Amino acid sequence: MKPQNVLQLACEPIPVVRIGFVGLGNRGILALERYMHLEGVEVKALCDLRTENLDRAADVLQRFGRTAATRYAETGGWQALCERTDLDLVYICTDWLTHTDIAVYALQQGRHVALEVPAAMSVADCWRLVDTAEQVRRHCMMLENCCYDAYALTALNMVQQGVLGEITHAEGAYIHDLRRHYFADETQGGYHNHWMKLYSQQHTGNPYPTHGLGPICQWMGIHRGDRLDYLVSMSSRQAGLSAYAERIFGADSREAQQPYEMGDVNSTLIRTVKGRTILLQYDVATPRPYSRHQTLCGTKGFLQKYPVPCLFLDGHGKEPLAGEALQELLDRYQHPFTREIGGEARRKEMPNEMNYIMDYRLVYCLRHGLPLDQDVYDAAEWSCITELSELSVRQGSVPIPIPDFTRGHWE
Numbered sequence: 001m002k003p004q005n006v007l008q009l010a011c012e013p014i015p016v017v018r019i020g021f022v023g024l025g026n027r028g029i030l031a032l033e034r035y036m037h038l039e040g041v042e043v044k045a046l047c048d049l050r051t052e053n054l055d056r057a058a059d060v061l062q063r064f065g066r067t068a069a070t071r072y073a074e075t076g077g078w079q080a081l082c083e084r085t086d087l088d089l090v091y092i093c094t095d096w097l098t099h100t101d102i103a104v105y106a107l108q109q110g111r112h113v114a115l116e117v118p119a120a121m122s123v124a125d126c127w128r129l130v131d132t133a134e135q136v137r138r139h140c141m142m143l144e145n146c147c148y149d150a151y152a153l154t155a156l157n158m159v160q161q162g163v164l165g166e167i168t169h170a171e172g173a174y175i176h177d178l179r180r181h182y183f184a185d186e187t188q189g190g191y192h193n194h195w196m197k198l199y200s201q202q203h204t205g206n207p208y209p210t211h212g213l214g215p216i217c218q219w220m221g222i223h224r225g226d227r228l229d230y231l232v233s234m235s236s237r238q239a240g241l242s243a244y245a246e247r248i249f250g251a252d253s254r255e256a257q258q259p260y261e262m263g264d265v266n267s268t269l270i271r272t273v274k275g276r277t278i279l280l281q282y283d284v285a286t287p288r289p290y291s292r293h294q295t296l297c298g299t300k301g302f303l304q305k306y307p308v309p310c311l312f313l314d315g316h317g318k319e320p321l322a323g324e325a326l327q328e329l330l331d332r333y334q335h336p337f338t339r340e341i342g343g344e345a346r347r348k349e350m351p352n353e354m355n356y357i358m359d360y361r362l363v364y365c366l367r368h369g370l371p372l373d374q375d376v377y378d379a380a381e382w383s384c385i386t387e388l389s390e391l392s393v394r395q396g397s398v399p400i401p402i403p404d405f406t407r408g409h410w411e
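In UniProt numbering, the protein residues as written are 1 to 411.
Right under this line is the structure:
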């Protein structure tokens, strides 16, 4: 039997969304704290390998006057959590390599799934997510928070209203100096079992494409009238992590002598079926200032967020809009999500507005039986760049086709 697509999937409304959290480290505990500020949710279960993380999570529930949740600390605890029949949503904040297995199992148990980025690290795992979501007809949303950035939402609103004309090119990135975190232990802001450093020792390409790519795909209507066709990718040599380790630990240290496959800077070019192009960059190993680029080119205008917000429109002079003129236009095209849900986040003094909007929208859509803002095809399309960029790099930057996860339904 041919699988039925889950484009615009709408499920039965859930008046109170019952949630199990898997992974309560740096990202997971912050997500749990955000959910304390949302209506119509109940946290039923918590799972983490570290008892101290579970203790912190239990303290969060107690501090907000919530009912204590069942705790799962053993290695297979996530499976037991997913099997609970009193859960509607499994919220996954573990390391990259475990996202897909947990998500697929949760879907098979009839749960909706929200999982951190990237949703999968291989094309095969992207297909597992798509196939399973289609078979069980449950939501699988990757938690790409950058799609809810105020500037990205304003750009989306401008695109949808035709302000920038026909979109031809966009640029996105994840540029973030993480050198200290690579070598720190978990109590000092490092990663569990140094999983990110270990991945960089074995892989190249762009392992973290979704922060840059997600907003762009929404601007371009990917699998909503266009689709990603193929990519070429190139990585620089590796030097940044080794130089940092030599400076901190000494030239003869194990850290400084460790080889890495991951280049300091990866650049990936993507072309869509309709001829638009996307530049993605990845750099976590140099001192470059934080950037996601967020650059968009159209026949009537240009905008970017980084390094400084900039907007140029035909008919508005020869110079980019700045100061009050820029702010007036940004205010005019402010997205309703930013104005209404973001305004609520600001009133509640939430530390990260776009994360709050993301979680609010997820819960709102589940409670009202609406399609989610991001579907399983978004998760697969954005995440598959991880493996495909590595394949291109290792083969001399040859073009690599990007699968059509909608099986022809992208138009």
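Glycine included, C-beta positions come from ideal geometry on N, C-alpha and C. Note that this is a predicted model, so its numbers are computed, not measured.
For residue 112, same chain residues with a beta-carbon under 7 angstroms away, outside a window of 5 residues either side, are 88, 89, 138, 139, 366 in chain order. In this structure the segment 242 to 258 does not lie against the segment 128 to 135, because fewer than three pairs of beta carbons, one per stretch, are closer than 8 angstroms. Shown here, residue 42 sits in a strand according to DSSP, grouped into three states.
Taking C-alpha positions only, residue 290 is separated from residue 85 by approximately 42 angstroms.
Under DSSP, the beta-bridge partners assigned to residue 92 are 22, 115. The alpha-carbon of residue 398 is positioned some 32 angstroms away from that of residue 155.
DSSP, read as helix, strand or coil, puts residue 232 in strand. By the Cβ rule, the segment 115 to 130 does not count as touching the segment 56 to 68, because fewer than three pairs are nearer than 8 angstroms. By the neighbour-count criterion, in which a residue is buried when 16 or more other Cβ atoms sit within 10 angstroms of its Cβ, residue 315 is exposed. With a 10 Å radius around the Cβ and a threshold of 16 neighbouring Cβ atoms, residue 387 comes out buried.
For residue 304, the uninterrupted beta strand (DSSP E) run begins and ends at 301 to 304, by DSSP. Cβ contact annotation for residue 211 (same chain, cutoff 6 angstroms, sequence separation greater than five): 146, 174, 292, in chain order. DSSP, reduced to helix, strand and coil, places residue 70 within a strand of the structure shown. Here residue 374 is not bridged, per DSSP, to any residue.
The DSSP-derived three-state label of residue 171 is strand.
Every beta strand (DSSP E) of 3 residues or more that sits fully in the UniProt domain "Glycosyl hydrolase 109 C-terminal" (153 to 307) is shown, in chain order, as 167 to 175, 228 to 235, 266 to 272, 277 to 283, 295 to 298, 301 to 304.
Residues of the same chain with a CB within less than 7 angstroms of the CB of residue 362, apart from the 5 flanking positions on each side, are 114, 141, 372 in chain order. For residue 401, DSSP records a beta bridge to 230. Membership of residue 358 in the alpha helix (DSSP H) is indicated by the continuous run 353 to 368. Between the alpha carbons of residue 295 and residue 167 lies a gap of roughly 11 angstroms. Per DSSP, residue 87 is not a residue of any alpha helix (DSSP H), being assigned neither H nor E. Residue 352 sits exposed, since fewer than 16 C-beta atoms from the chains shown fall within 10 Å of its C-beta.
Residue 318 counts as exposed, since fewer than 16 other beta carbons sit within 10 angstroms of its beta carbon. Take the alpha-carbon of residue 364 and the one of residue 242: they are about 46 angstroms apart. In this structure, the beta-carbon distance from residue 183 to residue 190 falls below 9 angstroms. Beta-bridge pairing by DSSP links residue 17 to 41.
Collapsing the DSSP output to three states places residue 47 in a strand. For the options 193, 198, 311, the alpha carbon positioned closest to that of residue 325 is the one of 311.
If you look at residue 311, you'll find it in the beta strand (DSSP E) that goes 310 to 313.
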